[in-house]
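The numbers in full-length UniProt numbering rise by one with no breaks, and the one at position 387 of the sequence shown is 387. Just so it is clear, CB atoms sit at the ideal spot from N, CA and C, and this is done for glycine as well. Structure first, commentary second.
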Amino acid sequence: MSLRYILEDDDDSRSSSPLPHRRNSISEGHTRPNIFLVDVHRTKARLLRQEDTDGDERVTIHDTGPKHMTLPTTQSSYARRSVKGNYMISSLLQELALLEGLPTEGPEPLVLRSHAVISESQLKENPVDRLNRMISQYFWPALVRRVDADGLTVICMDPKNRSANKRPRVYVPNGDDFAFDYFEQVSKTRVYLDLEVIRLPALITPEYVCSINDRPGILSLDLERNDHSDIVGKPFIVPGGRFNEMYGWDSYFAALGLLVDPSANAVHIAKSMVDNFVYQINHYGKILNANRSYYLLRSQPPFLTDMGLRVYQKLKSTKCAEGEKEEPANADEWLRGVMAAAIKEYEQVWMSAPRLVEEIGLSRYYSKGQGVPPETEASHFDSHLKPFAEKYGCDISTFIKMYNEQTIDEPELDEYFCHDRSVRESGHDTTYRLDNCAANLLTIDLCSLLYKYERDIANYIEQSCGGCLRVDGKEHLSCDWAAKADCRRELADKYLWNEEKGMYFDYNIVSQSQTTYESATMFWALWSQMASTHQANLLVTKALCRFEVSGGIVSGTKESLGAVSLDRPNRQWDYPTGWVPHQILAWEGLVNYGYSDDARRLVYRWLYMITCAFVDFNGVVPEKFNVVQMSHKVDAEYGNVGTEFKKVPREGFAWMNASYLVGQQYLTKLERRALGALVPLDSLLKNKDS
């Protein structure tokens with residue numbers, strides 16, 4: 001198979017598609033690549049003037065320019081050679097933007113390079129290799145954050161903060177004197193930060209969190225001393241865009257990508273994120289939705305045991321890269337601390353009220369709170385709040401103030417926001433699956449995740465602790481944790497499994513019945529290995545075909561979505577959107593039960609879609625996709641983070657970056673070559689069969 005980055009000419013007569021064909025006809029040759037000599041600023045300006053016909057400072061297949069430029073080379077007399085095709089032209093724009101300089105975190109000016117050399121091989125680079133390189137060299141570094149003196153300027157920026165008070169502030173747990181003293185010292189030595197340091201009370205209540213919503217701030221995380229004995233924050237990856245803090249399940253999927261990234265320091269960052277989660281459990285009582293003050297009462301889907309085990313396995317199996325402090329000899333002690341924290345989280349968060357539904361024995365997402373969640377867009381709740389404001393004869397902002405201060409009593413609204421917060425705790429904000437009922441549902445996703453905790457902890461205690469682990473004076477036996485997992489599986493079979501349909505469904509504790517919404521989270525039972533062999537077979541033969549579309553796994557089926565209208569608009573976690581968590585967990589789940597061919601097919605669909613978007617749309621790597629149309633243009637309530645950039649993408653989106661790296665681990669060499677050549681799945685399968 002010869003590598004061709006784009007195979008089609010620009011001939012609209014060959015397809016009924018409303019989109020123009022990709023404008024490339026560049027193939028790998030055997031001649032020495034040209035070396036272009038460019039005036040960075042002038043070439044960039046000429047390129048944009050000629051090729052950016054829609055004025056968005058990007059070059060995509062929607063631009064109608066000639067997709068052709070000539071540039072001087074290092075050959076005799078500076079002979080000019082062509083750069084042509086959408087991929088090469090957009091790659092040239094990206095390289096020029098990178099040469100002009102990337103944003104820095106300090107007050108230093110951008111570095112401007114007036115002249116440079118660019119190799120033709122850079123512009124014709126295999127798109128898979130190019131995206132891998134950009135993730136390692138540019139995206140991950142741009143997404144790394146620390147809560148420390150040097151990182152505060154960036155981490156305190158919060159696009160979600162709609163309060164009048166934008167002063168940077170850091171909230172420190174009540175019991176962490178070391179961190180409080182450190183940040184107090186930072187506020188005195190770096191006066192220009194205007195940093196406010198606040199010690200949290202020992203007991204965090206809904207009333208307290210509501211009282212500080214007009215003074216939001218970052219929550220401190222784990223600190224350590226570096227090789228120079230300086231105090232620094234342990235690094236973590238933020239999702240990107242307006243999500244500029246450490247999120248719960250986003251961090252898990254980012255870590256999966258870091259653990260297969262060969263770049264230096266990647267494993268250290270993954271380990272540090274686990275350390276930050278352990279810190280959160282020990283100091284905030286839970287793994288937080290994210291480390292902002294308005295998330296203090298809310299968690300997110302739990303993945304700590306699997307995350308810790310994967311980091312541990314990496315530490316034990318590889319030599320630490322230069323600059324990394326972890327040594328394999330310390331890994332055993334480290335993992336013991338992680339598992340102890342996971343047990344604490346399991347017992348205090350997920351198996352306690354209000355999340356545990358004792359009469360059934362299963363748990364739900366349930367986030368306490370008071371007032372209107374402040375982190376959403378300003379008008380997000382207006383349609384729901386308007387009737388209440390009219391009832392009190394006031395505008396919406398006045399009503400919100402009265403409601404937040406509890407000068408009025410509206411039980412119906414209290415219940416609505418309880419469900420809303422619980423939706424956000426589930427990570428699936430928003431979806432009609434959980435709309436106005438999230439706190440009433442025993443979901444298949446949470447059940448699968450807690451089963452994985454129980455099984456991981458049982459195996460760890462048996463294999464590494466001789467069958468018994470003592471945590472906070474309490475003995476934990478491997479047999480007891482194995483029994484918990486067995487019990488949960490039986491309860492899942494009773495309440496969540498539907499034998500006739502061959503699928504798992506959520507269970508509503510109010511109606512005392514299964515729901516009918518078909519969610520891709522049913523495949524999480526394969527990832528956690530909670531499903532029996534029989535159930536796995538039914539999920540693959542009956543359910544998978546209902547979720548598999550052109551770009552991979554769709555969040556929910558079209559039938560479950562129902563009618564969409566102005567009064568009932570699209571939600572981003574419903575059909576036709578596809579998300580990273582649903583892909584990665586389905587891939588591994590299918591492999592767990594021997595369905596490797598199905599897994600690789602789904603992987604190829606997902607990676608092909610990402611690669612096409614990257615090639616056709618100036619390097620875009622978004623938060624999510626419309627997997628039915630294989631498009632990054634998602635028509636839903638929150639837009640699509642990672643799609644609004646100029647000239648060159650700076651971050652991608654953390655879990656999308658990770659999915660691209662993780663997915664390639666499933667592909668054969670032939671499939672990876674086909675991906676780089678943008679061979680559609682149907683063509684690839686035909687070639688395999690022939």
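Three-state secondary structure (DSSP) of residue i
i	result
residue 503	strand
residue 679	coil
residue 278	helix
residue 287	coil
residue 117	strand
residue 513	strand
residue 448	helix
residue 104	Residue placement at residue 104 is poorly supported in this model, since its pLDDT is 35, which falls under 50; the coordinates still yield a value, given next. Looking at residue 104 - three-state DSSP - the assignment turns out to be coil, as it is neither helix nor strand.
residue 671	helix
residue 175	coil
residue 623	coil
residue 695	The structure shown does not extend to residue 695, since the chain is modelled only from 1 through 690, so no value can be given for it.
residue 72	strand
residue 356	strand
residue 577	strand
residue 691	Absent from the structure is residue 691, since the part of the chain shown begins at 1 and ends at 690.
residue 336	helix
residue 154	helix
residue 487	helix
residue 22	Residue placement at residue 22 is flagged as unreliable, the pLDDT there being 43, under the threshold of 50; a coordinate-derived value is accordingly withheld.
residue 213	coil
residue 687	helix
residue 29	Residue placement at residue 29 is flagged as unreliable, the pLDDT there being 46, under the threshold of 50; the coordinate-derived value follows with that caveat. In this structure, residue 29 counts as coil in the three-state DSSP scheme.
residue 145	strand
residue 738	Absent from the model: residue 738. The displayed extent of the chain is 1 to 690, so no value can be given.
residue 562	coil
Where residue i falls, given that 16 or more other Cβ within 10 Å makes a residue buried
i	result
residue 126	buried
residue 107	With a pLDDT of 43 at residue 107, under the threshold of 50, the modelled position of this residue cannot be trusted, and the question is left open.
residue 540	buried
residue 618	buried
residue 665	exposed
residue 187	buried
residue 623	buried
residue 202	exposed
residue 408	exposed
residue 137	exposed
residue 470	exposed
residue 428	buried
residue 289	buried
residue 117	exposed
residue 685	exposed
residue 258	buried
Nearest-angstrom Cβ-Cβ length linking residue i and residue j, presumed shorter than 8 Å
i	j	result
residue 663	residue 607	5 Å
residue 574	residue 556	5 Å
residue 339	residue 252	Going by Cβ atoms, the distance from residue 339 to residue 252 rounds to 16 Å, so no, they are not a contact pair.
residue 691	residue 231	For residue 691 there is no data in the structure shown, the boundaries of the chain being 1 and 690.
residue 627	residue 554	5 Å
residue 152	residue 93	Residue 152 to residue 93, Cβ: 33 Å. No contact.
residue 292	residue 641	Not a contact, Cβ separation roughly 17 Å.
Residue range of the beta strand (DSSP E) that includes residue i
i	result
residue 659	Taken as a continuous stretch (DSSP letters only), residue 659 belongs to no beta strand (DSSP E), being part of the alpha helix (DSSP H) at 654 to 664.
residue 43	Here residue 43 belongs to no beta strand (DSSP E); instead the alpha helix (DSSP H) covers 40 to 51.
residue 646	Counting along the chain, residue 646 falls outside any beta strand (DSSP E), and DSSP gives it neither H nor E.
residue 198	196 to 199
residue 224	223 to 225
Residue range of the unbroken alpha helix (DSSP H) whose run includes residue i
i	result
residue 473	Neither: residue 473 is in no alpha helix (DSSP H) and is coded neither H nor E.
residue 310	304 to 317
residue 231	That residue, residue 231, is in no alpha helix (DSSP H); its beta strand (DSSP E) goes 231 to 233.
residue 258	248 to 259
residue 603	596 to 616
residue 533	533 to 538
residue 526	524 to 527
Chain D within 8 Å of residue i, Cβ atoms only
i	result
residue 400	Going by chain labels, chain D is absent from the structure shown, which holds only one protein chain.
Practice item. Pair every Cβ in the stretch 491 to 507 with every Cβ in the stretch 565 to 576, then say whether three or more of these pairs are closer than 8 Å. Key: no
Check your understanding: Are at least three pairs of beta-carbons, each pair with one atom in the stretch 588 to 595 and one in the stretch 449 to 457, less than 8 Å apart?
Key -> no
Check your understanding: Do the stretch 144 to 156 and the stretch 235 to 242 meet, that is, are 3 or more Cβ pairs less than 8 Å apart?
Key -> yes
Review point. Counting pairs of Cβ atoms below 8 Å between the stretch 215 to 233 and the stretch 621 to 634, do you hit three or more?
Key: no
Check your understanding: Taking one C-beta from the stretch 573 to 587 and one from the stretch 521 to 529 each time, how about it: are there three or more such pairs within less than 8 Å?
Key -> Between the stretch 573 to 587 and the stretch 521 to 529, the count of Cβ pairs shorter than 8 Å is three or higher; the stretches touch.
Review point. Can you find at least 3 beta carbon pairs, one from the stretch 333 to 341 and one from the stretch 480 to 490, that sit closer than 8 Å?
Key: no
Exercise for review: Decide yes or no for the touch test of the stretch 196 to 215 against the stretch 155 to 173: beta carbon pairs closer than 8 Å, at least 3 of them.
Suggested key: yes
Review point. Taking three-plus beta-carbon pairs below 8 Å as touching, is the stretch 270 to 278 in contact with the stretch 407 to 427?
Key: no
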